[in-house]
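Visitor:
Protein chains: 2
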Amino acid sequence: MTSSASTPAYDDLCQRHRRKHRLQHLHAMASWDQAAFMPPGGAVPRAEALAEMEGLLHQLGTDPALKDLLARAEQEPLDDVQRASLREMQRVWRSANALPQSLVESKSLAISHCEHAWRSQRPANDWAGYVENLRPVVRLIREEARLLSESSGLSKYDALLDQYEPGMRSAEVDRVFGDLRQWLPGLIRQVMERQAGEAVVAPQGPFSTAAQRALGLDAMKLLGFDFAAGRLDESTHPFCGGVPEDVRMTTRYREDSFLQSLTGTIHETGHGRYEQNLPRDWMGLPIAAARSMGLHESQSLSFEMQLASHPGFAGLLEPLVRRHLGDQPAFAADNLHRMMTRVAPGYIRVDADEVTYPAHVILRYEIERPLMEGEIEVEDIPALWDAKMQELLGLDTRGNFKDGPMQDVHWGAGLFGYFPCYTLGAMYAAQWFATMRRERPSLDADIARGELTPVFDWLKDRIWQQGSRYETPELVQRASGEPLNTAHFRRHLEARYLG
Amino acid sequence: MTSSASTPAYDDLCQRHRRKHRLQHLHAMASWDQAAFMPPGGAVPRAEALAEMEGLLHQLGTDPALKDLLARAEQEPLDDVQRASLREMQRVWRSANALPQSLVESKSLAISHCEHAWRSQRPANDWAGYVENLRPVVRLIREEARLLSESSGLSKYDALLDQYEPGMRSAEVDRVFGDLRQWLPGLIRQVMERQAGEAVVAPQGPFSTAAQRALGLDAMKLLGFDFAAGRLDESTHPFCGGVPEDVRMTTRYREDSFLQSLTGTIHETGHGRYEQNLPRDWMGLPIAAARSMGLHESQSLSFEMQLASHPGFAGLLEPLVRRHLGDQPAFAADNLHRMMTRVAPGYIRVDADEVTYPAHVILRYEIERPLMEGEIEVEDIPALWDAKMQELLGLDTRGNFKDGPMQDVHWGAGLFGYFPCYTLGAMYAAQWFATMRRERPSLDADIARGELTPVFDWLKDRIWQQGSRYETPELVQRASGEPLNTAHFRRHLEARYLG
Numbered sequence: 223m224t225s226s227a228s229t230p231a232y233d234d235l236c237q238r239h240r241r242k243h244r245l246q247h248l249h250a251m252a253s254w255d256q257a258a259f260m261p262p263g264g265a266v267p268r269a270e271a272l273a274e275m276e277g278l279l280h281q282l283g284t285d286p287a288l289k290d291l292l293a294r295a296e297q298e299p300l301d302d303v304q305r306a307s308l309r310e311m312q313r314v315w316r317s318a319n320a321l322p323q324s325l326v327e328s329k330s331l332a333i334s335h336c337e338h339a340w341r342s343q344r345p346a347n348d349w350a351g352y353v354e355n356l357r358p359v360v361r362l363i364r365e366e367a368r369l370l371s372e373s374s375g376l377s378k379y380d381a382l383l384d385q386y387e388p389g390m391r392s393a394e395v396d397r398v399f400g401d402l403r404q405w406l407p408g409l410i411r412q413v414m415e416r417q418a419g420e421a422v423v424a425p426q427g428p429f430s431t432a433a434q435r436a437l438g439l440d441a442m443k444l445l446g447f448d449f450a451a452g453r454l455d456e457s458t459h460p461f462c463g464g465v466p467e468d469v470r471m472t473t474r475y476r477e478d479s480f481l482q483s484l485t486g487t488i489h490e491t492g493h494g495r496y497e498q499n500l501p502r503d504w505m506g507l508p509i510a511a512a513r514s515m516g517l518h519e520s521q522s523l524s525f526e527m528q529l530a531s532h533p534g535f536a537g538l539l540e541p542l543v544r545r546h547l548g549d550q551p552a553f554a555a556d557n558l559h560r561m562m563t564r565v566a567p568g569y570i571r572v573d574a575d576e577v578t579y580p581a582h583v584i585l586r587y588e589i590e591r592p593l594m595e596g597e598i599e600v601e602d603i604p605a606l607w608d609a610k611m612q613e614l615l616g617l618d619t620r621g622n623f624k625d626g627p628m629q630d631v632h633w634g635a636g637l638f639g640y641f642p643c644y645t646l647g648a649m650y651a652a653q654w655f656a657t658m659r660r661e662r663p664s665l666d667a668d669i670a671r672g673e674l675t676p677v678f679d680w681l682k683d684r685i686w687q688q689g690s691r692y693e694t695p696e697l698v699q700r701a702s703g704e705p706l707n708t709a710h711f712r713r714h715l716e717a718r719y720l721g
Numbered sequence: 223m224t225s226s227a228s229t230p231a232y233d234d235l236c237q238r239h240r241r242k243h244r245l246q247h248l249h250a251m252a253s254w255d256q257a258a259f260m261p262p263g264g265a266v267p268r269a270e271a272l273a274e275m276e277g278l279l280h281q282l283g284t285d286p287a288l289k290d291l292l293a294r295a296e297q298e299p300l301d302d303v304q305r306a307s308l309r310e311m312q313r314v315w316r317s318a319n320a321l322p323q324s325l326v327e328s329k330s331l332a333i334s335h336c337e338h339a340w341r342s343q344r345p346a347n348d349w350a351g352y353v354e355n356l357r358p359v360v361r362l363i364r365e366e367a368r369l370l371s372e373s374s375g376l377s378k379y380d381a382l383l384d385q386y387e388p389g390m391r392s393a394e395v396d397r398v399f400g401d402l403r404q405w406l407p408g409l410i411r412q413v414m415e416r417q418a419g420e421a422v423v424a425p426q427g428p429f430s431t432a433a434q435r436a437l438g439l440d441a442m443k444l445l446g447f448d449f450a451a452g453r454l455d456e457s458t459h460p461f462c463g464g465v466p467e468d469v470r471m472t473t474r475y476r477e478d479s480f481l482q483s484l485t486g487t488i489h490e491t492g493h494g495r496y497e498q499n500l501p502r503d504w505m506g507l508p509i510a511a512a513r514s515m516g517l518h519e520s521q522s523l524s525f526e527m528q529l530a531s532h533p534g535f536a537g538l539l540e541p542l543v544r545r546h547l548g549d550q551p552a553f554a555a556d557n558l559h560r561m562m563t564r565v566a567p568g569y570i571r572v573d574a575d576e577v578t579y580p581a582h583v584i585l586r587y588e589i590e591r592p593l594m595e596g597e598i599e600v601e602d603i604p605a606l607w608d609a610k611m612q613e614l615l616g617l618d619t620r621g622n623f624k625d626g627p628m629q630d631v632h633w634g635a636g637l638f639g640y641f642p643c644y645t646l647g648a649m650y651a652a653q654w655f656a657t658m659r660r661e662r663p664s665l666d667a668d669i670a671r672g673e674l675t676p677v678f679d680w681l682k683d684r685i686w687q688q689g690s691r692y693e694t695p696e697l698v699q700r701a702s703g704e705p706l707n708t709a710h711f712r713r714h715l716e717a718r719y720l721g
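If you're matching them up, the sequences are chains A and B in order.
Just so you know, we're using our numbering here: the first sequence kicks off at 223 and counts up by one.
Just so you know, we're using our numbering here: the second sequence kicks off at 223 and counts up by one.
1. Distance cutoff 8 angstroms, beta carbons only. Does GLY263 of chain A sit that close to anything in chain B?
2. Counting only Cβ pairs nearer than 7 angstroms, list the residues of chain B close to GLY452 of chain A.
3. Taking 8 angstroms as the cut-off, decide whether the C-beta atoms of LEU300 of chain A and TYR232 of chain A are in contact.
4. Run through DSSP, which three-state label would ARG474 of chain B get?
5. Any idea which residues DSSP pairs ASP468 of chain A with across the strands?
6. Under a three-way DSSP split, which group does LEU606 of chain B fall into?
7. At least one CB of chain A closer than 8 angstroms to the CB of ASP255 of chain B: is that the case?
8. So does GLU519 of chain B have its beta carbon nearer than 7 angstroms to some heavy atom of the ligand COA?
9. Please classify GLU327 of chain A as buried or exposed, where buried requires at least 16 other C-beta atoms within 10 Å of its C-beta.
10. With DSSP as the reference, label ARG435 of chain B as helix, strand or coil.
11. What's the call for LEU722 of chain A, buried or exposed, on a 16-neighbour Cβ count within 10 Å?
12. Could you give the DSSP three-state label for SER664 of chain B: helix, strand or coil?
13. Report back the beta-carbon spacing between ARG586 of chain A and SER392 of chain A to the nearest angstrom; my notes put them in contact at under 8 angstroms.
14. In the structure shown, what three-state DSSP assignment does GLU456 of chain A receive?
15. On a CA-only basis, which of A:VAL266, A:PRO261, A:GLY492 and A:LEU382 is nearest LEU321 of chain A? Give me that one, please.
16. With three or more C-beta pairs closer than 8 angstroms as the rule, is the segment 245-257 of chain A touching the segment 298-318 of chain A?
17. Does the segment 498-505 of chain B come within contact of the segment 519-527 of chain B, defined as at least 3 CB pairs closer than 8 angstroms?
18. What number of angstroms, rounded off, separates the C-alpha of ALA257 of chain A from the C-alpha of ASP455 of chain A?
19. Rounded to the nearest angstrom, what separates MET414 of chain B and GLY464 of chain B at their Cα positions?
20. By the 8 angstroms beta-carbon criterion, what residues does the segment 435-451 of chain B contribute toward chain A?
21. Could you tell me which of B:LEU481, B:ASP290, B:GLU387 and B:ALA424 sits nearest to ALA433 of chain B, measuring between CA atoms?
22. Flag SER247 of chain B as yes if its beta-carbon sits less than 8 angstroms from any beta-carbon of chain A, otherwise no.
23. Does the beta-carbon of LEU375 of chain A have 16 or more other beta-carbons within 10 angstroms, so that it is buried, or is it exposed?
24. Cutting at 6 angstroms between CB atoms, please list the residues of its own chain near ALA436 of chain B, excluding the five before and the five after it.
25. Which one or two residues does DSSP pair with SER479 of chain A in a beta bridge?
26. Hey, quick one: how far does the alpha helix (DSSP H) through ARG513 of chain A stretch, first residue to last?
27. By the criterion of Cβ-Cβ separation under 8 angstroms, what are the contact partners of VAL465 of chain A in chain B?
28. According to the Cβ coordinates, are ARG513 of chain A and THR694 of chain A closer than 8 angstroms?
29. Which residues, in order along the segment 594-626 of chain B, keep a beta-carbon less than 8 angstroms from a beta-carbon of chain A?
30. Whose Cβ in chain A lies nearer than 8 angstroms to the Cβ of ALA252 of chain B?
31. GLN412 of chain A to PRO358 of chain A, Cα distance in whole Å?
32. Using 8 angstroms as the Cβ pair cut-off and three pairs as the minimum, do the segment 556-570 of chain B and the segment 530-538 of chain B touch?
33. Assuming ASP683 of chain B is part of the alpha helix (DSSP H), what are its boundary residues?
34. Could you list the residues in the segment 297-327 of chain B with a C-beta less than 7 angstroms from some C-beta on chain A, going in chain order?
35. Could you name the residues of chain A that MET275 of chain B contacts, counting a contact when the two beta carbons are closer than 9 angstroms?
36. So ASP285 of chain A contacts chain B; which residues on that side make the cut at Cβ distance below 8 angstroms?
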């Protein structure tokens, strides 16, 4: 993406970003290895090597020459794509330069201290101890929010949210979550009543890791993962890493249950295909990156929820499951589908089904937003948590901190403004499939007979190949012809669970 | 290794080297992954990422500030270890700064062109085509040798050799190879006559990769490899990479034969344990690195030839082989030992046994040295090759270029001065074991009953923990009480093959 017109500042910026990208490649691979293969003895030198590279990348991203180059590039005769590319370079620059080095370092220290303590405080249900470590993290992220707010003109929470979902604002989140809040608790009750009389045959384990791995690989093939440009390995916490040309997915196996690994692998395959199909012509520039955390989740949930939990897809999974795990009554397609769509309120977000999951996210959003705006303090979290869990899912969580606000480490890791993206992703995914259905009425029948190409082509064309060409709201409008519309998510849930 | 005395220049140098070391960690891991796990789609971006890092490391190693720092450190109150450390920093600096950037780049291009063409020219036996690509490599390495010679005061070939075996000179190589040349051809004939009447039971394959891998891992355990600080994986060309705290070994498997993979794994385990036991206190500084290519090979050959091919060691291997590959008459200890010590002249160096291997190396040395000194040209190689193969191994290689000078890519890759290290390593290894035997007369009985700790302790104390504290000749003297002495290698071969 070097222009034929004279754009020396823009060209210089491209060269600098491509250099950073090549160095980030090494960081991505070493991080993947750290989670997937590294023996314990490598931990300390690996952490030092990654930190050294992070320091170098930060240095390249805060090079004083960048400010002037960005300003000069603004005045150059750029075409539309280059202008979008420059906008993304500016975003990256603002994010790297908004914070003074001292704040970056204090934040890093406070987070690593909080995360480390959390590992033992969570099992001990030690909220009082955890609060002492969470408080400095909150203080530093509030400071970060203040600085980001000053440089962007957004509210504090919006400035944080914008890091994960560019262009998304809390007014919009309020609108869509407010709508969800109206009908979700009722829907959950209705689905549970309906499923109460439903018989689900339980699979009989154990299922060997080798057989589960072979099943997962076959599911990835069915879903179009390009094995010439990626791998599947194991790690304690599944993730999708690597680089677009070489995507490194991980999963984990439990021998007493195959479904978690299978759906987890399918979920990561959605992330993986997004990465594999990002625009190659722009590779190395910020415009070639995946748009946002919410958009990424819309791809993993397109694969896991819209496709794999589709009643027609169970018929495609059945022969794969039987091939690798043997013959069992539980493996009949309709039973597989029932297993994959079972709804039950629970304490733990990451274990939640598609229907109750948004309740967890709404709760987090309704706590983290006032926390960041300074309207509440960390001490207020448990009472709010209890009230909202009662209200949204009918669960009593009093005194159970470890399965309450201590269940995951996001806040302790400084991730505020991140939780909404999970449910935004679920809603985007429903909207993509509603659009596909409108444009191609045979879609559900196509899926049931294994004709998945139309789905992949649509996602590739409208989402994957767009990279970061547009901010999220514009991308949503272009892909689906309308802004984010919660009606699609509601219709999806009603059709699947009450239809 | 920061002094309590005031040594600001030396301390600055330490900091710079540690920084480079942390970045090299990422390069090492990405290189390992490239060979062991990377799917084909990663090839281009990985090569670009590695090249970017090489450029950065070169830039750090040629920072103009270094020259002054090295000179100032010379004047600082350094202790003995620091002075040795500074000597190694100077060696690294000279090597990085001897060549102008233009030569580094031309060399890199010529080599990658030659290596690439070699892949198809070798199977086609196309010597005429290969010569066209080898000639520019030779021209550039001669230029490199000239520049290295100017900066070091060594002869051209010695300047190249010194890169791989610091302190070793061709006068010394002439002495030891000249001695070898006297008795080796006769010894080969004697061993072959003796083995002619010997019955070796052939193992019956196939042997599954999984079983071979389990056998290899057990052999590594027996040999003390630390699995908390390393791994074994697969690659087309086995190697030992990674970093001392996290050694990445690879091997390859052929289902029709288990011995190659087993001895290959044992060989790499010697390299691996050397790396794992380098001095941790100096980590990140050049003085903490393995001494040389020849010393490294002395460790892999200590494991493969001195230990694993020891008649007593076969008794330790037998139960492992039976456990993983089943019961076969071929797996009796005495038969395993016969399989591992079979001698036969052949065309291919990497397939050669312990007795004929030095003949291959002497041949390469006697060709590459005059080639580098400008006494012969690449066109002269085949005739010299034929004459020397006839003389040393009694083999006719006329017209067979692919199993002759094209059999390996070392010269095409610019590696001149490297071949002697293989046989120097074999001779060092024999000298280490001769010294151990002198100091501990029960050594052979200890090995036979599986008491390997004395061997490992000796190597750790005399070699591994010394890092690059001494140049090779001094290390040899300190470890064994005498300079390199070919009598030990001769006695080892005679005892094992004619005893």
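Just so you know, even glycine gets a beta-carbon here, dropped at the ideal spot from N, CA and C.
Guide: In terms of the structure at hand:
1. yes
2. PRO261
3. yes
4. coil
5. A:VAL465
6. helix
7. yes
8. As presented, the structure is devoid of all ligands, the ligand COA included, so that no description of it is given.
9. exposed
10. helix
11. A question about residue 722 of chain A goes unanswered here, because the residues of chain A that appear run from 223 up to 721.
12. coil
13. With a Cβ gap of about 13 angstroms, ARG586 of chain A and SER392 of chain A do not count as contacting.
14. strand
15. A:LEU382
16. no
17. no
18. 10 angstroms
19. 40 angstroms
20. ASP448, PHE449, ALA450 and ALA451
21. B:LEU481
22. Correcting the residue identity first, residue 247 of chain B is His in this sequence and not Ser. True, the Cβ-Cβ gap to chain A drops below 8 angstroms.
23. Residue 375 of chain A is actually Gly in this sequence, not Leu. Exposed, by the Cβ-count rule.
24. HIS546
25. A:ARG476
26. Per DSSP, ARG513 of chain A belongs to no alpha helix (DSSP H) and is neither H nor E.
27. GLY264 and PRO267
28. yes
29. none
30. HIS247, LEU248, MET251 and ALA252
31. 42 angstroms
32. yes
33. 675-684
34. none
35. ARG244, LEU245 and LEU248
36. Near ASP285 of chain A there are no residues of chain B at all, since even the closest Cβ is about 15 angstroms away, more than 8 angstroms.
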